[in-house]
Amino acid sequence: MLLHGFPDNLHLYDELMPHLGDRRVVRFDFLGWGRSDKPEGYPYTADNMTGDLAAVIDRLGLERVVLVAHDASGPPAIDWALLYPHRVSALVLLNTYYHQMTSLRRPPAIALYSTPLLRDMARALTGRGSALALRLYTWQVGRFIRDDRRRAAKVKRLRDDFVAAQPAFWRLNDDLLGTVLTRRRRIPDLRRFDRPVRVIFGVEDRSLNPRVAHRFAELFPRAELHLLPNAGHFVQVDQPERTAELVLSAG
Numbered sequence: 000m001l002l003h004g005f006p007d008n009l010h011l012y013d014e015l016m017p018h019l020g021d022r023r024v025v026r027f028d029f030l031g032w033g034r035s036d037k038p039e040g041y042p043y044t045a046d047n048m049t050g051d052l053a054a055v056i057d058r059l060g061l062e063r064v065v066l067v068a069h070d071a072s073g074p075p076a077i078d079w080a081l082l083y084p085h086r087v088s089a090l091v092l093l094n095t096y097y098h099q100m101t102s103l104r105r106p107p108a109i110a111l112y113s114t115p116l117l118r119d120m121a122r123a124l125t126g127r128g129s130a131l132a133l134r135l136y137t138w139q140v141g142r143f144i145r146d147d148r149r150r151a152a153k154v155k156r157l158r159d160d161f162v163a164a165q166p167a168f169w170r171l172n173d174d175l176l177g178t179v180l181t182r183r184r185r186i187p188d189l190r191r192f193d194r195p196v197r198v199i200f201g202v203e204d205r206s207l208n209p210r211v212a213h214r215f216a217e218l219f220p221r222a223e224l225h226l227l228p229n230a231g232h233f234v235q236v237d238q239p240e241r242t243a244e245l246v247l248s249a250g
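Be aware that the sequence shown starts at 0, since it is given in numbering that gives the first Met the number 0, and climbs by one per residue.
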């Protein structure tokens, strides 16, 4: 099961899909993102993303899953895995986060939209669907992709769905600080998680960087760490074939 973060959608995995062979693969847009419903006023939070994930798994009748989490889907994926470890074949973490770490850094645009007071000014200046907002999106998401051959087309594919997803983006940014702070108390649960965990990070990610990956590998007792060269934050875009190999052999 392939889970996207923000500010993107299920098309984040387009480059990975051809390399997954005949395995059954499920990917979906969380509420508020991509082609999923976008109910007005809905609280788009990490906790509710966990509910989205649980609903999809239960609706499809999946008894066991390999959870592949990237970026903002890390907290809901790990939360669900901690609740239902017997249903987890493996947990795969791609350049993601869970709790506050000293090595964790916010990308510039995320810092802009998630810092109290500053975020209000940023939203007033950029506005929903404004040219400035789309330019900022293009710049920030472009920095997530190292592969020059893929960058322009990938950014456009994700940006096309972003305007409608801005309410979810803003609300998740509101929730970001609380998400990582409250999950510090679950560190003992990570240390007790007795399922295979594979940590796969692109080494050129400046925010969810190799130090974050090493910390995940230290916390989970059955973790394997794989740092992929020539890959940034969107490791599944920069190194789809190698990422797929590691995902397929995880569980």
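All C-beta atoms in this analysis are idealised placements derived from N, C-alpha and C, irrespective of residue type, glycine included.
Since the model is a prediction, treat every value here as computed from it, not as a measurement.
Between the CA atoms of residue j and residue i - distance to the nearest angstrom
i	j	result
H98	R182	5 Å
L226	P220	18 Å
L66	S129	35 Å
A230	G201	4 Å
G60	P17	24 Å
I56	E217	28 Å
A53	L93	20 Å
L176	R241	32 Å
P115	N172	10 Å
F168	S102	23 Å
P228	R134	28 Å
L224	P6	25 Å
G4	R148	22 Å
A156	A222	The residue asked about is misnamed: residue 156 is Arg in this sequence, not Ala. Distance between the alpha carbons of R156 and A222: 33 Å.
R197	T178	22 Å
Y41	R104	27 Å
S72	K37	18 Å
P187	A249	23 Å
Neighbourhood of residue i by C-beta, 6 Å cutoff - its chain only, sequence neighbours within 5 removed
i	result
E14	V236, P239
V154	T137, V140, G141
S113	N172, L175
H232	N94, F143, D204
R170	Y43
CB of residue i within 9 Å of CB of residue j, strictly
i	j	result
Y96	D70	yes
A243	N8	no
F29	D46	no
Y136	R158	yes
P74	T49	yes
F143	P106	yes
I77	L189	yes
R26	L1	yes
R127	V162	yes
W32	D160	yes
With 16 other Cβ atoms within 10 Å as the buried cut-off, status of residue i
i	result
A151	exposed
W138	exposed
L11	buried
L180	exposed
S206	buried
V234	buried
R63	exposed
I109	buried
L82	exposed
Min CB distance residue i to chain B below 9 Å
i	result
P195	No chain B is part of this structure, which consists of one protein chain only.
Cβ neighbours of residue i in the same chain (closer than 8 Å, five flanking residues each side left out)
i	result
A80	L66, V87, L90, F192, R194
E39	P166
R22	L247
L124	L131
P209	F200, V202, L226
Spatial neighbours of residue i in its chain, beta-carbon cut-off 7 Å, leaving aside the 5 residues before and after
i	result
M100	V211, R214
For residue i: DSSP bridge partner residues
i	result
E223	R197
T95	D70
L2	A68
L90	L66, V196
R150	R150 is not bridged to any residue.
R26	L1
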